[in-house]
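The sequence shown lines up with residues 65 to 466 when you count with the working numbering.
Virtual Cβ for every residue (Gly too), placed ideally from N, Cα, C.
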Amino acid sequence: MMKIIFAAVFLFCLQNITASTFVGNGGNAGDVELQVTIAQISNTLSRVTELTDDEKEKLCQCEQILSEHKVCESLKNISERQSYFCADMTAEKAKDILKLIDNGPELSGGVQFLWTSKSMEVTEKNGDRQADAIANAKTKKIVLNRDQFLKLKDYERIYLITHELGHLVQIEKKYLSDDQPIGPFKQDDGARQLLNSMAAAVTMKALTTGQVSDFAKILSTSKNYKTNWFTLGLGTEKKRDEDSRLAIQKYSGWDFTYRHQLNQDWGVSLGARRLTGEEHFFTTTTATTLLNLMNAQVNYRFFPSSNPLTVAGQSHFVVGLGLESGRAEYKIKDDFTEDNDQASLLSPILSTQYYLAMNSGVWFNGGVTYTNHKYTFNNIGFGGYKSDPNQFYINIGASYGF
Ligand SMILES: [Zn+2]
């Protein structure tokens with residue numbers, strides 16, 4: 065049996081080596097949010113390139129339907145000349161920004177995003193300024209403060225990233241820093257005003273073309289990168305094959321597990337199971353068995369689908385291998401007599417659970433657990449009552465990851 069278990073674990077490890085060559089299982093906080101934001105910007109800019117000249121001209125004018133929306137704030141304060149310049153630049157640079165996104169970090173000239181947990185400052189003419197994101201035109205890298213990024217609303221992320229992408233393309237033949245005038249944006253921080261206006265224009269288009277609402281479901285889907293997992297389930301055992309006239313063949317009950325993920329792949333868990341079985345013999349005799357079980361396991365996760373922007377890509381298998389111990393109590397009684405016995409249990413435990421992503425950290429799970437608890441109730445029957453050494457427990461439940 066142990067050989068089979070080790071072979072199974074070895075196979076899962078092999079699978080991991082091949083799976084990890086895929087970019088981004090969404091294994092970190094913010095990965096999904098960032099990928100969604102990039103997809104929203106990319107889709108929106110593609111739309112922008114297809115606009116007619118008349119439509120392009122109006123890109124930086126606040127659309128009626130969004131007049132009360134926060135996104136219009138930076139567009140309301142710009143002059144007509146600035147608005148046309150902003151529209152020109154947004155339409156003209158859409159292709160360059162798309163190329164930055166499409167090339168990605170693998171190809172030269174593609175943008176690369178990096179997370180940081182540190183607070184960042186940019187040095188400008190008027191001194192240092194606190195920043196949630198910093199773009200480097202030379203290296204084509206955008207560094208993002210993860211916590212700040214996650215606090216933003218979906219459309220605010222589009223605004224932030226579009227602004228930063230604006231630093232990575234040449235506008236009037238130069239890369240802009242925030243503290244310089246540009247075109248009709250003649251203030252000291254004219255470039256910041258221009259990039260904010262362009263970012264607002266793109267965000268506005270993302271809102272009005274349904275890009276924001278289209279991705280809302282993906283953003284609310286439960287994410288697999290969480291550290292703590294509570295699972296509660298109900299289950300039943302496969303009918304046992306026991307060679308005793310007093311045998312109880314069907315067990316069912318509940319299970320509870322707490323798992324701590326050490327990283328994207330590995331975790332450790334503690335679990336409890338409580339199973340009961342009952343059997344009636346003749347008309348007056350009833351036998352019951354109660355199994356109280358505790359287990360500790362090492363867990364390995366794998367992802368059959370690699371696109372983190374889908375429910376299937378977040379969903380995954382958790383395979384566990386460990387030890388389970390506990391007690392079994394057998395009681396048999398009829399109208400006249402009562403007999404009982406106890407035995408302690410210890411066995412390896414091998415479990416597989418599939419976690420299906422639902423919403424807001426909630427998961428649906430189901431799977432199979434194998435144990436080989438061998439025990440004998442010596443007082444019961446003639447020569448004792450031996451358990452079937454193979455137990456298969458099938459369960460379904462709900463899980464919460466946070
Ligand atoms: Zn900037």
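- Distance from the CA of R111 to the CA of T101, rounded to the nearest whole angstrom, comes to 15 Å.
- With fewer than 16 other CB atoms across the displayed protein chains lying within 10 angstroms of its CB, Y322 is exposed.
- A280 sits exposed, since fewer than 16 C-beta atoms from the chains shown fall within 10 Å of its C-beta.
- A distance of 7 Å or more separates the beta carbons of A199 and V186.
- Here K205 carries a strand assignment [DSSP, helix/strand/coil].
- V276 sits in a helix when the DSSP states are folded into three classes.
- Restricting attention to beta strand (DSSP E) runs no shorter than 3 residues, the segment 262 to 311 encloses them at 292 to 301, ordered along the chain.
- Of all residues, those with a beta-carbon under 6 Å from at least one heavy atom of ligand 1 are H227, H231, D242, R256, L259, reported in chain order.
- Judged by their CB atoms, T350 and Y394 are not nearer to each other than the 7 Å cut-off.
- Contact annotation: the segment 418 to 437 does not touch the segment 264 to 276, with fewer than three C-beta pairs closer than 8 Å.
- Using a C-beta cut-off of 8 Å, the segment 283 to 298 makes contact with the segment 414 to 425, since at least three inter-stretch Cβ pairs fall below that distance.
- For K314, the secondary structure class from DSSP, reduced to helix, strand or coil, is coil.
- With fewer than three CB-CB distances shorter than 8 Å, the segment 117 to 135 does not count as touching the segment 237 to 256.
- Restricted to the segment 84 to 137, not a single beta strand (DSSP E) segment is unbroken, complete and at least 3 residues in length.
- Taking C-beta atoms as the reference points, L208 and A197 count as a pair closer than 7 Å.
- Assignment of G448 by DSSP, reduced to helix, strand and coil, places it in the coil class.
- With a cutoff of 7 Å on beta-carbon distance, Q455 and E301 are scored as near each other.
- 7 Å or more divides the Cβ of N459 from the Cβ of G341.
- Apart from the 5 residues on each side of it in sequence, V375 sits with its Cβ closer than 7 Å to the Cβ of T285, A421 in its chain, given in chain order.
- With a beta-carbon spacing of about 11 Å, E97 and F177 fall beyond the 8 Å limit used to define contacts.
- In chain order, A158, K159 place their CB closer than 7 Å to the CB of T113, counting only its own chain and leaving out the 5 sequence neighbours on each side.
- Between K122 and A155, the beta carbon gap of about 10 Å keeps them out of contact (Cβ cut-off 8 Å).
- Residue range 380 to 397 is occupied by the beta strand (DSSP E) that includes K395.
- Close CB contacts of G247 within its chain, under the 6 Å cut and outside five residues either way in sequence, are with F149 (chain order).
- Counting along the chain, H344 sits inside the beta strand (DSSP E) bounded by residues 330 to 345.
- Going by C-alpha positions, L232 is about 14 Å away from D166.
- By the neighbour-count criterion, in which a residue is buried when 16 or more other Cβ atoms sit within 10 angstroms of its Cβ, H380 is buried.
- Within a 10 Å sphere around the beta-carbon of S143 sit fewer than 16 other beta-carbons, which makes this residue exposed.
- Relative to D95, the option among N404, R221, G331 whose CA is nearest is R221.
- Collapsing the DSSP output to three states places S415 in a strand.
- Pairing M268 with L130 gives a Cβ-Cβ distance under 7 Å.
- Nearest in C-alpha terms to R338, of all of L296, F345, F346, E306, is L296.
- For the pair F346 and A407, the Cα-to-Cα distance works out to about 26 Å.
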